[in-house]
Structures are given as C-alpha cells and as structure tokens.
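For reference, the structure is listed below as structure tokens.
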Amino acid sequence: GFFQCEAISIEKDDMCLIIKFKETEKDGMIENLVDLIEKIQEDIIFKFNVSLSAAMGKFVYKIEDLSVAYKTALDCSKYRFKYGLKSILYNELITKDISDESKYDRNIEDTLSKLVKSGNIDNLEAELDRIFNIIKKMSYSDMMMSITELSISSQKIINYIYEISNEDAYIDIKGITDSIFKFETLDEVKEYYLNLFKNVIIQLNDKRSNRKNIVIKNVKKYINENYQDQLLSLDIIASKMRFSSNYLTALFKDIEGMTISSYIKEVRFNKAIELLRTTELTETEISLKVGFANVNYFYTSFRKRYGLSPKQYRNSKYNV
328 GFFQCEAISI
338 EKDDMCLIIK
348 FKETEKDGMI
358 ENLVDLIEKI
368 QEDIIFKFNV
378 SLSAAMGKFV
388 YKIEDLSVAY
398 KTALDCSKYR
408 FKYGLKSILY
418 NELITKDISD
428 ESKYDRNIED
438 TLSKLVKSGN
448 IDNLEAELDR
458 IFNIIKKMSY
468 SDMMMSITEL
478 SISSQKIINY
488 IYEISNEDAY
498 IDIKGITDSI
508 FKFETLDEVK
518 EYYLNLFKNV
528 IIQLNDKRSN
538 RKNIVIKNVK
548 KYINENYQDQ
558 LLSLDIIASK
568 MRFSSNYLTA
578 LFKDIEGMTI
588 SSYIKEVRFN
598 KAIELLRTTE
608 LTETEISLKV
618 GFANVNYFYT
628 SFRKRYGLSP
638 KQYRNSKYNV
C-alpha cells in the first residue's frame, strides 16, 4: 500500500520520513512498512549501488509526540551496527534479540591469550565467534562497553605475549579503539580482531621459525668445526646447544630432512672426498682425520655410499 508522508532532510546521508496512517491501519503496519522499505532498498541499490538502512520510531498519535517517535527511531538506528548494512530496524525486532543473560565473559583474556600463544588460528576464530555471538545479544550500550573491554583485554594479551617473546613491539589501546569505532558493523569489528590476532600469530611464528633456523645453523656450524672428534654425537651437541636430544632430533629432521647422525656422516664423507682429491694420505689416515674411529667401518660405508673403495675413488674419473 501507500502512505501519506513528509520527508525531512536531517544530514548529508540521513533522511526522516513522517508517515501518517489511521489507527485502524495499525495492525500489520510494521509488516507493510518493511515490505515497502525492502522495495525502496532494491530500487536504490539498482539505480545508485548504495545500501539503505531504515529505523522505525514508536507510533504516536499527537504531533507534539513526534519528538518521541524520532528519538526512538534514532535509538533503533544504532542497532545497524549489530544487524549490518541494509537493515530494517524497529523496537520489536531489537528487543526480541536482546538477552538479559548475555554478559561479557571475564575469562576471555586467559582463553584468547592461550590461543594466540598456541598459534591455533581455527580455534581462535571459533572463540571470537563465540564472544561476538554473546555481544550480539546485548543492548547497544552494553555492546559498546563490551567491545571497549575487549580492546583493553586485547592490548594486555598482545603486549604480554610480545614481552615474554622478547619482541620489540607495543600495542596502544588508543590505536585499537580508534580503529574499531570507525567500523560500521559488528561483523567488521570481529574481522578486525581476528586479523589483529592473526598478524600477531604470524609475526611470532616467523620469529620462532627464525629462531629454529638459527639453532640449526649453530648445530651445523658446530658439526663442521668438530667433525674430526671421534666422540662427536647427538648427546654432546644437544648438551652444547642446551636442548634435549629429542627436541634437537625432531627439529633437525623437520628442517633438514635428515638426522643429525646422517648429517655428521655427510660432513665426514665430504671431507674424506676432499682429502682423497688433494692429499696423499692413506685411507687409514683419512679415516681417522675425518672422525671415523673404525677404519673398516669407514671403508665399508664409503664403498656403500659411492660404489667404490676410497682407493678406487682416488684413481677414478670422479677425482678430477
């Protein structure tokens, strides 16, 4: 249907419509208005590619009560933040979705901190979904308060993690709050927090990866400097590096694709090849010089690795 109305321009992007209807038309009025607004929204998107949201005020029966209707419409319009773009807002819809039992969870700081430290982005995203589903059931003022508290918690979490990770960085609460209150919808705020924590996780993972690479670099350096030591072993290297043997084994295998023992052998054989090519040392002398205490083991392993004995290798075409 159609209604007699008066349009008033409020601000650049806001307009107020005063709609006149008879009291006998009150039943089903909201449904009729929603249908009309949806058609208007479709036309505006089609013609101008702009989204339109609408908020309805309280129905009043006296001209002097129009200010009450306008104020309630303004209050409803704030919930566009919750319902998103192209929303149609009215008191019955809003109050139906508000739960008095929805309270800001004071334990989220510990939960989020553990998830960020663990680097589990999927679980972090699920926890943020849970938090924002609770916030969505709050009144507008409680939503804003909860988001502010989440900003404070996020600052504490990130700065604490940076501190224990010896990261030279600091997050300012003003930077977070300035960012989130520029967003138009609650979903955009949630996306901001997810990206904020994701960036911290990526940064920490990069640093951990760099630390791991430094450890591996130091292990390889130690082996290359001490390969001649016949007692050189995983346990000795782990002790020097101040790591457990199991951790160092797993880390080296993960990054280098081989065990530390295999790498030690590789270094020793490479040095043996170099000596076979550049010196007149005997097989026994070379074996001992590169760290093999058992000459027979050196001979057998060399032949298995290269298909030739050390002497044959020295005299072969490979020794060029």
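Residue numbers (the numbering used here): 328 to 647. C-beta atoms are modelled at their ideal positions from N, C-alpha and C, and glycine is treated no differently.
Item	Value
Does DSSP put E333 in a helix, a strand or coil?	strand
So, is Y414 buried or exposed, given that buried needs 16 or more other C-beta atoms within 10 angstroms?	The displayed chain sequence assigns Ser, not Tyr, to residue 414. The residue is buried, with at least 16 neighbouring Cβ atoms inside 10 Å.
Leaving out five residues before and five after K567 in sequence, what residues of the same chain have Cβ atoms less than 8 Å from its Cβ?	Y549
What residue range is occupied by the uninterrupted beta strand (DSSP E) comprising L559?	Counting along the chain, L559 falls outside any beta strand (DSSP E), and DSSP gives it neither H nor E.
From the DSSP output, in three-state form, read off K444 for me.	helix
Would you mind working out which of K547, N532 and S480 sits nearest Y520, comparing C-alpha positions?	S480
Between V395 and the rest of its own chain, which residues show a CB-CB distance below 8 Å, the 5 nearest in sequence each way excluded?	G384, K385 and V387
Let me confirm a value: G584 is counted as buried when at least 16 other C-beta atoms fall within 10 Å, else exposed. Which label applies?	exposed
For D432 versus I474, is the C-beta distance shorter than 8 Å?	no
Note the first and the last residue of the continuous beta strand (DSSP E) segment covering L344.	M342 to K347
Roughly how many angstroms separate the alpha carbons of T576 and T605, rounded to a whole number?	34 Å
Looking only at its own chain, which residues have a Cβ that is under 7 Å from the Cβ of S614, when we skip the five neighbours before and after it?	V622 and F625
Give me the Cβ distance between M470 and I461, rounded to the nearest whole Å; I'm assuming they're in contact under 8 Å.	10 Å between Cβ atoms; not a contact.
Pick helix, strand or coil for A400, following the three-state DSSP scheme.	helix
Thinking just about the alpha-carbon of each residue, which of E338, S628, T611 and R569 is nearest to the one in K592?	S628
Any idea what DSSP makes of I458, helix, strand or coil?	helix
Between the alpha carbons of F619 and I488, how many angstroms are there, rounded?	47 Å
Whole angstroms are fine: how far does the CA of Q482 sit from the CA of I390?	49 Å
When the Cα of E428 is compared with those of S466, D340, N526 and Y574, which residue comes out closest?	S466
Is the segment 376 to 383 touching the segment 432 to 451, taking contact as three or more C-beta pairs under 8 Å?	no
Determine the burial state of C403: buried for a count of at least 16 other Cβ atoms within 10 Å of its Cβ, exposed for fewer.	buried
Compute the distance between the beta-carbons of S571 and K534, then report whether it is under 8 Å.	no
Please list, in chain order, all residues of the same chain as R641 whose beta carbon is under 6 Å from its beta carbon, the five residues on each side excluded.	L603
According to DSSP, simplified to helix, strand and coil, what is I415?	strand
To the nearest angstrom, how far is it from the Cα of I367 to the Cα of N532?	49 Å
Exposed or buried, what is I503 when buried is set at 16 or more other beta-carbons lying within 10 Å of its beta-carbon?	buried
For S426, is the classification buried or exposed, using 16 other Cβ atoms within 10 angstroms of its Cβ as the cut-off for buried?	exposed
Roughly how many angstroms lie between the CA atoms of V594 and F510, to the nearest whole one?	58 Å
Express the C-alpha separation of I587 and L561 in angstroms, rounding to a whole number.	7 Å
Let me know the secondary structure DSSP gives A599 once reduced to three states.	helix
Where does the unbroken alpha helix (DSSP H) through K580 begin, and where does it stop?	S572 to E583
Alpha helix (DSSP H) containing D370: first to last residue?	M356 to F375
Are F579 and I541 touching if we call contact CB-CB under 8 Å?	no
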